[in-house]
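This report refers to the structure that appears directly beneath it.
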């Protein structure tokens, strides 16, 4: 959870209970021995929240987590009070599918340095890239390589198989969709399709923001999320 939400965890924890179990192969969790299953991930996350004393809750999902959140909302509708979907998708479009394929192909060839560079470039906005020289990527690529979780390839495998398009119309919970318009990995159109497909969903754009939000964009995200959750009944804890 820290990887996506680390910059705002302390803020949200002031007046919300946060439950964020890691996917297999991330955050110290054991890697999966079989291909990841979306329903299984959804049920695990719900079980973790219930075990923490939360019978109903909002679900915040980013990237693959947005698809997991949608599936949670349709498998456990009585428990989900609200959804916040950021850099989300219902099915991998050609850009995301190709990125997942390239990452898995490079990793299979042992080219982990190239995996790190591709992941880094994919998660930066055009404006951020325009300010860089090729050599400027060396240090952050090395950091990306070190930070890549053991289960990353399993996660990208699931990304390539996810399809929650049929779930969207069944989502009954209030939903906020956040679309960073500078995202080069999960294109904004993917978020727009989520917003159109989920009844009553609200759409917020983060102009120029990348797939990985920088501190300023994350602060803007936090303001929107707080305002949204404040309007959802019983979301003060």
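Numbering (the numbering used here), first residue to last: 6 to 242.
C-beta: ideal position from N, C-alpha, C; glycine also.
Source: prediction; values computed, not measured.
*Going along the chain, which residues of its own chain have a beta-carbon closer than 7 Å to the beta-carbon of residue 243, five neighbours each way excluded?*
The structure shown does not extend to residue 243, since the chain spans only 6 to 242, so no value can be given for it.
*Bridge partners - residue 210, DSSP secondary structure assignment*: Within the chain shown, numbered from 1, the residue matching residue 210 stands at position 205. Answer by DSSP bridge pairing, in chain order: 184.
*Looking at residue 52 and residue 254, is the spacing between their C-beta atoms short of 9 Å?*
Outside the displayed span of the chain (6 to 242) sits residue 254, for which this structure offers no information.
*Where residue 62 falls: helix, strand or coil (DSSP)*: Counted from its first residue, the chain shown places residue 62 at position 57. Three-state DSSP puts residue 62 in a strand.
*Cα separation between residue 14 and residue 179?*
Reading the chain shown from its first residue, position 9 is the one you call residue 14. Reading the chain shown from its first residue, position 174 is the one you call residue 179. If you take the alpha carbons of residue 14 and residue 179, they lie about 22 Å apart.
*Looking at the unbroken alpha helix (DSSP H) that takes in residue 80, where does it start and where does it end?*
The residue labelled residue 80 in the question sits at position 75 within the chain shown. Residues 69-80.
*Output the distance between the C-alpha atoms of residue 42 and residue 36, rounded to the nearest integer angstrom.*
Start at 1 with the first residue of the chain shown, and residue 42 comes out as number 37. Start at 1 with the first residue of the chain shown, and residue 36 comes out as number 31. Rounded to the nearest angstrom, the two C-alpha atoms are 13 Å apart.
*Check whether the segment 105-123 touches the segment 216-236, taking contact to mean three or more Cβ pairs, one atom from each stretch, closer than 8 Å.*
no
*What residues match up with residue 91 in a beta bridge as DSSP calls it?*
In the chain shown, the residue the question calls residue 91 occupies position 86. According to DSSP, residue 91 bridges with 67, 183.
_Measuring only the C-alpha atoms, how far is residue 218 from residue 209?_
Stepping through the chain shown from its first residue, residue 218 is reached at position 213. Stepping through the chain shown from its first residue, residue 209 is reached at position 204. Rounded to the nearest angstrom, the two C-alpha atoms are 14 Å apart.
*Which one or two residues does DSSP pair with residue 85 in a beta bridge?*
Counting from one through the chain shown, the residue named residue 85 turns up at place 80. DSSP output for residue 85 lists 62 as bridge partner(s).
*Would you check if the distance between the CB atom of residue 321 and the CB atom of residue 183 is smaller than 9 Å?*
This structure cannot settle anything about residue 321, because the visible part of the chain is limited to 6 through 242.
*asked:* Given a cut-off of 9 Å on the beta-carbon distance, is the pair residue 196 and residue 93 in contact?
replied: Within the chain shown, numbered from 1, the residue matching residue 196 stands at position 191. Within the chain shown, numbered from 1, the residue matching residue 93 stands at position 88. Cβ distance < 9 Å, so residue 196 and residue 93 count as in contact.
*asked:* Quick check on the burial criterion: 16 or more other C-beta atoms within 10 angstroms. Buried or exposed for residue 152?
replied: Numbered from 1 along the chain shown, position 147 holds the residue referred to as residue 152. Counting Cβ neighbours within 10 Å, residue 152 comes out exposed, since fewer than 16 surround it.
*asked:* Judging by CA-CA distance, which residue of 58, 57, 76 is the nearest neighbour of residue 65?
replied: Position 60 of the chain shown, counting from 1, holds the residue named residue 65. Ranking the options by Cα distance to residue 65, first place goes to 76.
*Taking all protein chains shown into account, do 16 or more other C-beta atoms lie within 10 angstroms of the C-beta of residue 156, making it buried, or fewer, making it exposed?*
Walking along the chain shown from the start, residue 156 turns up at place 151. Buried: at least 16 other Cβ atoms inside 10 Å.
_Would residue 16 and residue 227 qualify as a contact pair, given that the criterion is a beta-carbon distance under 9 Å?_
Within the chain shown, the letter at position 11 stands for residue 16. Within the chain shown, the letter at position 222 stands for residue 227. A contact, by the Cβ cut-off of 9 Å.
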